[in-house]
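Residue numbers (the UniProt record's numbering): 1 to 374.
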């Protein structure tokens with residue numbers, strides 16, 4: 001066993017004290033404390049440099065884009081500019097941006113060409129082009145879209161790409177510094193910094209966890225990522241849940257856990273299947289609890305049951321209070337939404353309810369949320 005020099009000296013002093021019958025160590029040893037490690041600030045430039053090669057620009061065109069800004073080849077324009085200033089055109093010149101196009105950020109999730117971006121960014125697109133950090137451009141195809149989380153996965157014909165890993169939930173700490181990285185056409189990579197303010201915030205809805213930061217998340221960085229000091233993704237900047245102007249200088253993003261799961265499903269199946277019940281729900285208010293003689297307001301109060309849905313077929317009624325799904329407690333409407341969504345379509349679940357304060361048990365065969373956009 002290897003013992004450090006300091007520990008060896010301390011051990012020798014202890015043995016001497018015992019052999020000589022002294023009462024203790026000398027003051028120098030008695031007062032010696034290990035020097036705590038100094039926490040160094042995160043090197044933002046190093047983190048950004050590590051992440052940037054996996055950040056891409058996603059450029060889209062739709063049928064309507066060409067109406068006001070017709071597509072044109074910018075090569076002639078640049079050739080004339082180069083001629084006037086005595087410059088040479090690059091041998092393999094391509095227009096950096098298409099006229100009338102829209103641009104967003106994306107990031108590489110696997111080295112064989114899978115890319116995640118905002119579903120909103122490619123909505124209605126007739127063509128999609130991805131530009132890597134090194135300037136290489138590729139036509140992209142859509143692998144899958146999940147409107148609930150505003151995530152889309154694209155595929156380009158490339159390999160050996162730099163890609164990003166997702167941070168594990170247990171490794172994320174409140175208050176840790178984070179870096180937001182995206183693209184800001186045409187200037188290139190955009191970077192901002194902040195701290196991880198909350199984890200699992202429900203600002204964006206009941207279906208998914210969010211993370212919150214005070215870092216700036218601008219239009220150019222939507223579809224980009226929040227990363228920790230190791231360059232691992234802690235959040236994905238989804239366009240429809242970013243609300244910096246409404247949240248007191250803070251911004252929200254999909255948590256790494258949610259984003260990673262959605263992206264994996266889109267790559268494997270091209271869609272994300274979630275269980276569907278078919279009810280409208282609300283918290284159990286004090287007035288309802290008093291009227292039913294309940295001592296608690298826990299549960300999800302059914303305010304409506306849509307006709308022809310799994311809930312309707314199982315016999316759920318307006319006014320029922322759902323208290324558990326497959327033995328898991330429903331303390332609030334959010335719990336019911338998440339429990340049902342976590343099940344596969346076609347799954348048979350046991351739902352416990354209170355009807356007129358009397359407990360009942362129902363079996364429900366869940367539908368597919370993807371088939372019920374409303």
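Glycine residues also receive a C-beta, built at the ideal position from the N, C-alpha and C atoms.
Buried versus exposed, by CB contacts within 10 Å (16 or more), residue 328: By one-based count along the chain shown, residue 328 stands at place 328. Classification for residue 328: exposed.
Contact set for residue 369: own chain, Cβ-Cβ below 8 Å, skip 5 residues either direction: To locate residue 369, count along the chain shown from 1; it is residue 369. Cβ neighbours of residue 369 beyond the five flanking positions: 148, 273, 274, 275, 276, 341 and 345.
CB of residue 300 within 9 Å of CB of residue 321, strictly: On the chain shown, position 300 is the one that residue 300 refers to. On the chain shown, position 321 is the one that residue 321 refers to. In this structure, residue 321 lies closer than 9 Å to residue 300 by Cβ.
Short Cβ contact (9 Å threshold) for residue 135 with residue 224: Locating residue 135 in the chain shown gives position 135, where the first residue counts as 1. Locating residue 224 in the chain shown gives position 224, where the first residue counts as 1. The answer is no: Cβ separation not under 9 Å.
Proximity below 9 Å, CB of residue 267 to CB of residue 143: As a working mapping, residue 267 is identified with position 267 in the chain shown. As a working mapping, residue 143 is identified with position 143 in the chain shown. Going by C-beta atoms, residue 267 is nearer than 9 Å to residue 143.
Beta-carbon spacing of residue 44, residue 193 below 9 Å: Within the chain shown, the letter at position 44 stands for residue 44. Within the chain shown, the letter at position 193 stands for residue 193. For residue 44 and residue 193, yes; Cβs fall inside 9 Å.
Minimum length 3: unbroken beta strand (DSSP E) runs contained in the stretch 117 to 179: 125 to 131, 137 to 146 and 151 to 156
Whole-angstrom distance between residue 350 and residue 326, CA atom to CA atom: Indexing the chain shown from 1 puts residue 326 at position 326. Indexing the chain shown from 1 puts residue 350 at position 350. Straight-line Cα distance between these residues: approximately 5 Å.
Whole-number beta carbon distance between residue 109 and residue 167, since they are thought to touch under 8 Å: Taking the chain shown and counting its residues from 1, one reaches residue 167 at position 167. Taking the chain shown and counting its residues from 1, one reaches residue 109 at position 109. Between residue 109 and residue 167 the Cβ distance is about 14 Å, and since that is not below 8 Å, they are no contact.
Burial state of residue 255 (16 or more Cβ within 10 Å): Counting from one through the chain shown, the residue named residue 255 turns up at place 255. Classification for residue 255: buried.
Extent of the continuous beta strand (DSSP E) to which residue 279 belongs: Translated into the one-based positions of the chain shown, residue 279 becomes position 279. Per DSSP, residue 279 belongs to the beta strand (DSSP E) from 279 to 283.
Cβ pair residue 152, residue 133 closer than 9 Å: Here the question's residue 152 lines up with position 152 in the chain shown. Here the question's residue 133 lines up with position 133 in the chain shown. Against a cut-off of 9 Å, the Cβ pair of residue 133 and residue 152 comes out as no contact.
Residue environment, residue 237, which counts as buried when at least 16 other CB atoms sit within 10 Å: The residue you call residue 237 lines up with position 237 of the chain shown. By the neighbour-count rule (16 or more Cβ atoms within 10 Å), residue 237 is buried.
Test item: CB-CB of residue 348 and residue 364 under 9 Å: As a first step, residue 348 is located in the chain shown; it is residue number 348 there, counting from the start. As a first step, residue 364 is located in the chain shown; it is residue number 364 there, counting from the start. For residue 348 and residue 364, yes; Cβs fall inside 9 Å.
Residue 229 and residue 47 closer than 9 Å at C-beta: Locating residue 229 in the chain shown gives position 229, counting from the first residue. Locating residue 47 in the chain shown gives position 47, counting from the first residue. Going by C-beta atoms, residue 229 is nearer than 9 Å to residue 47.
Neighbourhood of residue 282 by C-beta, 8 Å cutoff - its chain only, sequence neighbours within 5 removed: Working through the chain shown from its first residue, we reach residue 282 at position 282. Correct list, in chain order: 300, 301, 303 and 333.
First through last residue of the beta strand (DSSP E) which encompasses residue 209: The count along the chain shown starts at 1 and reaches residue 209 at position 209. Run containing residue 209: none; DSSP gives neither H nor E here.
Where residue 335 sits in the DSSP three-state scheme: Residue mapping note: residue 335 aligns to position 335 of the chain shown, counting from 1. Note: residue 335 maps to helix in three-state DSSP.
Simplified DSSP state of residue 367, which is helix, strand or coil: On the chain shown, residue 367 is found 367 positions in, with the first residue counted as 1. Residue 367: strand per DSSP, three-state reduction.
Three-state class that DSSP yields for residue 362 in the structure shown: Translated into positions along the chain shown, residue 362 becomes position 362. Residue 362 falls in the strand class under three-state DSSP.
Which listed residue (169, 102 and 139) has its alpha carbon closest to that of residue 157: To locate residue 157, count along the chain shown from 1; it is residue 157. Measuring from the Cα of residue 157, the nearest candidate turns out to be 139.
Proximity winner among 42, 279, 297 and 286, relative to residue 305 (alpha-carbon distances): Numbered from its first residue, the chain shown carries residue 305 at position 305. Nearest of 42, 279, 297 and 286 to residue 305, Cα basis: 279.
Sequence-distant residues of its chain with Cβ nearer than 6 Å to residue 314 (five each side left out): Here residue 314 is taken as the residue at index 314 of the chain shown, counted from 1. Counting only Cβ-Cβ distances below 6 Å, and skipping sequence neighbours, we find 362 and 364.
Buried or exposed (CB count within 10 angstroms, at least 16 for buried), residue 61: The count along the chain shown starts at 1 and reaches residue 61 at position 61. Under this definition residue 61 is a buried residue.
Per-residue DSSP class, three states only, for residue 191: To locate residue 191, count along the chain shown from 1; it is residue 191. It is a strand residue.
Identity of the residue in 209, 253, 252 and 357 nearest residue 337 by Cα: Locating residue 337 in the chain shown gives position 337, counting from the first residue. Nearest of 209, 253, 252 and 357 to residue 337, Cα basis: 209.
Beta-bridge pairing of residue 294 - partner residues as DSSP gives them: Mapped onto the chain shown, residue 294 falls at position 294. Note: residue 294 sits in no beta bridge, so no partner.
Test item: CB-CB of residue 190 and residue 174 under 9 Å: For this step, residue 190 is matched to residue 190 along the chain shown. For this step, residue 174 is matched to residue 174 along the chain shown. Not in contact: residue 190 and residue 174 (Cβ atoms no closer than 9 Å).
Exposure of residue 357, with buried meaning 16 or more beta-carbon neighbours within 10 Å: Here residue 357 corresponds to residue number 357 of the chain shown, with the count starting at 1. Result: exposed.
DSSP three-state assignment for residue 316, whether helix, strand or coil: As a first step, residue 316 must be located in the chain shown, where it is residue number 316. Correct three-state label for residue 316: coil.
Close-in-space but distant-in-sequence residues of the same chain around residue 297 (CB under 6 Å, 5 per side omitted): Mapped onto the chain shown, residue 297 falls at position 297. These residues qualify, in order along the chain: 284 and 289.
Counted within 10 angstroms of its Cβ, other Cβ atoms place residue 359 as buried (16 or more) or exposed: By 1-based counting over the chain shown, the position of residue 359 is 359. So residue 359 ends up on the exposed side.
Contact set for residue 104: own chain, Cβ-Cβ below 7 Å, skip 5 residues either direction: For the purposes of this step, residue 104 is taken as residue 104 along the chain shown, with counting starting at 1. Cβ within range, chain order: 58, 117, 118, 121, 222 and 223.
Three-way DSSP call (helix, strand, coil) for residue 326 in this model: In the chain shown, the residue the question calls residue 326 occupies position 326. Coil, per DSSP.
Bridge partner(s) assigned by DSSP for residue 105: For this step, residue 105 is matched to residue 105 along the chain shown. Note: residue 105 sits in a beta bridge opposite 57.
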